[in-house]
Amino acid sequence: MSVMRLNEKLYAAFEQQLNDHVARTIMKRGWQYYLEGHVNSTNAGSHDNLYGVVQGSDLYAVILDAGHFGYSSCTCPYDGFCKHMAAVYFKYCSQQEGGHEQAERTYFRLLGLSPASALLKTQDERLIPVVPSDPGEDATAEEWLEWMEAAHGDVWRKCRHSLHALQPVLSSLKGLSKDWEKPLQRLHWSTAIVFVLEQAERAITTVDSFSRYYHEMSFIRMAEPWVEHLYTLISELAPEAMGPGEEAWADALISHVKARASSAERQLFEWEYMYLALCEKLSENRSWYERELSSMLDSVRSGEESGVNAAFLHIAIGMMYFFDKQDQLSINHFAQTNFERSQKVMYPCAAQRMQEEEWELVKLWMSFLFERVYKVKNGRTVGPFVTLCRRADLDRPDLAVWTEYMTQLLPHSYSELSDHWLDQKRYDEWADLQLLIGSRPEDVGAHALREIAKLAPRALMPLYHQSVEAWIQTRNRQGYRMAVKHLKKLERLYKADKDAARWNLYITGLVRKHQRLRAFQEELWKGKLVT
């Protein structure tokens with residue numbers, strides 16, 4: 001865990017203590033202990049933990065768990081949050097950038113006070129706004145990001161339960177470039193959105209693991225309009241018409257997003273898809289495309305992927321080759337990734353080639369995808385793949401491979417395949433599928449049964465025959481009643497098919513076959529199927 005992230009989570013945990021408990025006195029005593037030098041050592045460990053040793057009336061060991069503060073402990077006799085814990089935290093703050101002043105700022109901020117040094121400022125100095133003026137239209141993306149951090153870098157602290165505090169920040173940042181030329185304005189707005197999303201990423205790190213899921217869902221939902229606007233802005237970029245300044249800005253922006261996308265840490269937003277969207281658009285500039293692809297390949301060859309997210313590198317290279325219609329090279333790199341993670345990127349690749357009617361490439365993609373889907377066979381992987389098969393079968397029904405894929409993925413593909421054949425009015429294949437799976441008429445939608453009974457009654461007969469025998473084998477009165485109910489429907493199917501003679505042969509043989517089942521014979525008589 002990074003030092004900054006641990007510090008942020010610890011601060012949030014201590015802030016929660018002050019909100020939930022009467023702990024101000026303990027905090028003040030901890031501050032005094034820190035000032036008097038009672039903390040012998042502090043050490044940041046793994047899993048959001050901070051360790052420390054405090055010399056009080058005895059030597060005490062302290063463990064602070066930023067993720068689950070309730071698990072924090074101290075070997076002193078006091079039960080719960082104690083001054084030794086606070087002292088260790090302040091000592092840790094003093095070891096970060098800013099030293100003792102950083103610890104002092106943290107202490108006063110926790111108590112909602114202002115340091116004495118701040119109160120010594122003159123009246124005029126207090127009236128001067130702290131926020132520096134914005135860099136202006138001629139500044140670079142790096143300069144703007146630095147300014148945004150200086151002006152609004154602490155807004156995330158107000159986002160413990162909601163991202164509402166970020167909306168006015170984003171609006172004000174966009175307002176600074178409202179009079180700029182549209183091409184540069186798009187880049188500035190994209191940068192502002194990226195900055196705000198990073199603020200949300202910092203905010204989510206302070207949430208405890210028990211409620212993180214709900215906060216994630218809430219944050220993602222609130223940020224959806226911002227992310228959608230970012231994708232819209234990216235789609236409106238014109239790489240080939242960019243001047244040197246715009247190219248430099250775009251390079252800085254994509255480098256910034258790439259750093260986020262390549263991180264192995266758990267993140268709130270899908271940064272890799274933002275990066276790929278930028279790559280797809282900027283690849284319209286051939287020189288940029290070749291430069292970026294070369295950089296990625298160099299990283300792979302030199303083994304630098306050990307320092308970043310290796311899967312991300314191969315996904316990105318695969319997509320870059322896809323943009324250039326080098327699909328085999330693209331697939332080669334996707335083959336080096338975890339399918340569970342990269343499938344979300346690959347399905348749109350196959351869909352795009354279908355739309356372009358590049359059927360040789362479609363077969364290449366679908367064959368590759370099928371090999372991986374077949375190994376996993378779960379709803380998350382089978383569903384999207386079968387959807388692609390259905391689409392391909394509509395466009396190229398002459399290729400039997402699509403049906404082969406769907407049938408080989410049974411029973412996981414049953415629902416999609418059943419709907420597909422029903423939509424295509426392939427009633428015989430649909431009925432065979434129901435028999436294979438063991439579906440009964442009552443398991444199938446009434447609308448589908450009515451449609452087939454009207455258009456292809458013969459296709460439904462085997463399904464009802466199988467169901468009648470299954471209900472009879474239950475050997476109970478309720479089963480016999482269901483069998484008779486289906487026999488009545490079967491009689492109507494034979495009449496609709498104008499084959500009353502076969503019906504008479506069938507019902508006569510059925511009665512003779514089960515003549516020893518007195519209860520079944522009674523139900524046949526009640527149903528007026530025999531006299």
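Numbering follows UniProt numbering, with no gaps: position 340 of the sequence shown is 340. We put the beta carbon where it would ideally sit given N, CA and C, even for glycine. All figures in this text were calculated on a predicted structure; none of them were measured in a lab.
Between residue i and residue j, what straight-line distance do the alpha-carbon atoms span, to the nearest angstrom?
i	j	result
residue 532	residue 186	The requested residue 532 is not part of the displayed model; the chain covers only 1 to 531.
residue 528	residue 463	22 Å
residue 73	residue 208	17 Å
residue 453	residue 524	23 Å
residue 66	residue 33	21 Å
residue 28	residue 86	9 Å
residue 494	residue 502	8 Å
residue 489	residue 465	11 Å
residue 238	residue 342	28 Å
residue 143	residue 240	24 Å
residue 188	residue 166	17 Å
residue 267	residue 149	19 Å
residue 257	residue 272	8 Å
residue 319	residue 199	28 Å
residue 50	residue 44	4 Å
residue 96	residue 55	22 Å
residue 480	residue 473	9 Å
residue 164	residue 393	47 Å
residue 71	residue 263	28 Å
residue 182	residue 355	32 Å
residue 330	residue 374	21 Å
residue 372	residue 492	46 Å
Who does residue i pair with in a DSSP beta bridge?
i	result
residue 50	44 and 64
residue 39	54
residue 177	Note: residue 177 sits in no beta bridge, so no partner.
residue 59	55
Just verifying my parser: in three-state terms, what is the DSSP assignment at residue i?
i	result
residue 187	helix
residue 529	coil
residue 349	helix
residue 76	coil
residue 553	Lying outside 1 to 531, the shown extent of the chain, residue 553 is not represented and no answer is given.
residue 597	Limits of the chain in this structure are 1 at one end and 531 at the other, which puts residue 597 out of reach.
residue 324	coil
residue 123	The pLDDT assigned to residue 123 is 44, lower than 50, so where the model puts this residue is not dependable; a value taken from the coordinates is nonetheless given after this. Here residue 123 sits in helix by DSSP.
residue 462	helix
residue 240	helix
residue 338	coil
residue 140	coil
residue 210	coil
residue 82	coil
residue 164	coil
To the nearest whole angstrom, what separates the beta carbons of residue i and residue j, a pair I think is in contact under 8 Å?
i	j	result
residue 42	residue 91	5 Å
residue 84	residue 76	6 Å
residue 428	residue 448	14 Å between Cβ atoms; not a contact.
residue 416	residue 445	So it is not a contact: roughly 15 Å between Cβ atoms.
residue 457	residue 419	Actually they are not in contact, since the Cβ atoms of residue 457 and residue 419 sit about 21 Å apart, beyond 8 Å.
residue 134	residue 170	Rounded, the Cβ-Cβ distance is 15 Å, inconsistent with contact.
residue 534	residue 397	Residue 534 lies beyond the stretch modelled for the chain, which goes from 1 to 531, so this question has no answer here.
residue 254	residue 230	Not a contact, Cβ separation roughly 12 Å.
residue 347	residue 388	6 Å
residue 486	residue 441	6 Å
Using 8 Å as the limit for Cβ to Cβ distance, is residue i near chain D?
i	result
residue 502	Although the question refers to chain D, the structure presented lacks it and comprises just one protein chain.
Hey, is the region 401 to 416 in contact with the region 363 to 373, meaning 3+ C-beta pairs nearer than 8 Å?
Short answer: they touch.
Inter-stretch contact at 8 Å, needing at least 3 Cβ pairs: the region 138 to 158 / the region 195 to 207
They touch, by the three-pair rule.
Touching or not, the region 101 to 112 and the region 219 to 237, by the rule of three or more beta carbon pairs under 8 Å?
These segments do not touch.
Assess contact between the region 403 to 420 and the region 429 to 439, defined as three or more Cβ pairs (one per stretch) separated by less than 8 Å. Is contact present?
Result yes; three or more Cβ-Cβ pairs closer than 8 Å.
Can we say the region 47 to 66 touches the region 98 to 106, given the rule of at least three CB pairs closer than 8 Å?
Remark: fewer than three beta-carbon pairs, one from each stretch, lie closer than 8 Å, so the region 47 to 66 and the region 98 to 106 are not flagged as touching.
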